[in-house]
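Numbering (our numbering), first residue to last: 527 to 675.
Just so it is clear, CB atoms sit at the ideal spot from N, CA and C, and this is done for glycine as well.
Down below is the structure, laid out as structure tokens.
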């Protein structure tokens with residue numbers, strides 16, 4: 527279950543936007559902003575593991591909020607700032623990959639910023655998702671700098 531932010535987040539993390547997220551997961555670790563043109567910015571607000579629960583929050587709660595503002599036929603941009611991810615669990619990877627493939631016709635572009643210190647195995651997991659999405663016709667960029675996007 528997601529909650530809507532009603533007060534300032536206590537965080538030493540620079541938020542993606544000056545305004546508070548449209549959604550915050552129950553743990554307060556994940557903020558989501560819905561943008562226009564259609565898009566979703568997901569930012570880890572504190573060090574956290576990418577778990578199945580986190581993946582379901584993104585793929586169900588946050589995505590439904592995005593779909594609620596999309597026009598028919600519109601394709602969305604997805605930006606994931608995962609710089610504070612401490613672990614990427616297999617369940618999360620499976621959920622996000624299956625969800626991404628199931629909604630690929632609604633995706634214009636995906637950008638992922640992994641943690642700077644992410645180990646090779648974790649990066650390979652993200653690259654595997656990028657390859658699957660690419661084969662499905664979805665552009666997915668992995669970057670250390672979100673500013674150009």
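Secondary structure of residue i, DSSP reduced to three states
| i | result |
| --- | --- |
| residue 616 | helix |
| residue 599 | coil |
| residue 530 | Since pLDDT at residue 530 reaches only 43, below the 50 mark, its modelled position is unreliable, and the value read off the structure follows with that caveat. It is coil, neither helix nor strand. |
| residue 574 | strand |
| residue 653 | helix |
| residue 586 | helix |
| residue 622 | helix |
| residue 629 | coil |
| residue 659 | helix |
| residue 673 | coil |
| residue 536 | Note that residue 536 has pLDDT 44, beneath the 50 cutoff, so the model's placement of it is unreliable and the number below is only indicative. Coil, per DSSP. |
| residue 643 | coil |
| residue 648 | helix |
| residue 593 | helix |
| residue 541 | coil |
| residue 666 | strand |
Integer-rounded CB distance, given that residue j should sit under 8 Å from residue i
| i | j | result |
| --- | --- | --- |
| residue 581 | residue 636 | Actually they are not in contact, since the Cβ atoms of residue 581 and residue 636 sit about 14 Å apart, beyond 8 Å. |
| residue 627 | residue 658 | 7 Å |
| residue 542 | residue 567 | 5 Å |
Own chain partners of residue i with C-beta closer than 6 Å, once the 5 adjacent residues on each side are dropped
| i | result |
| --- | --- |
| residue 614 | 576, 648, 651 |
| residue 625 | 585 |
Residue closest to residue i, alpha-carbon to alpha-carbon, out of the options
| i | options | result |
| --- | --- | --- |
| residue 551 | 664, 666, 583 | 583 |
| residue 545 | 558, 553, 554 | 558 |
| residue 592 | 547, 560, 633, 668 | 560 |
| residue 594 | 570, 569, 565, 611 | 565 |
| residue 634 | 605, 569, 645, 644 | 605 |
| residue 563 | 540, 578, 596 | 596 |
Neighbourhood of residue i by C-beta distance below 8 Å, restricted to the same chain and skipping five residues each side
| i | result |
| --- | --- |
| residue 630 | 659, 662, 663, 664 |
| residue 574 | 553, 555, 556, 580, 610, 611, 612 |
Residue j beta carbon less than 9 Å from that of residue i
| i | j | result |
| --- | --- | --- |
| residue 639 | residue 608 | yes |
| residue 654 | residue 623 | yes |
| residue 673 | residue 632 | no |
Sequence-distant residues of the same chain with beta carbon closer than 7 Å to residue i, five excluded per side
| i | result |
| --- | --- |
| residue 547 | 531, 557, 558, 559 |
| residue 670 | 639, 642 |
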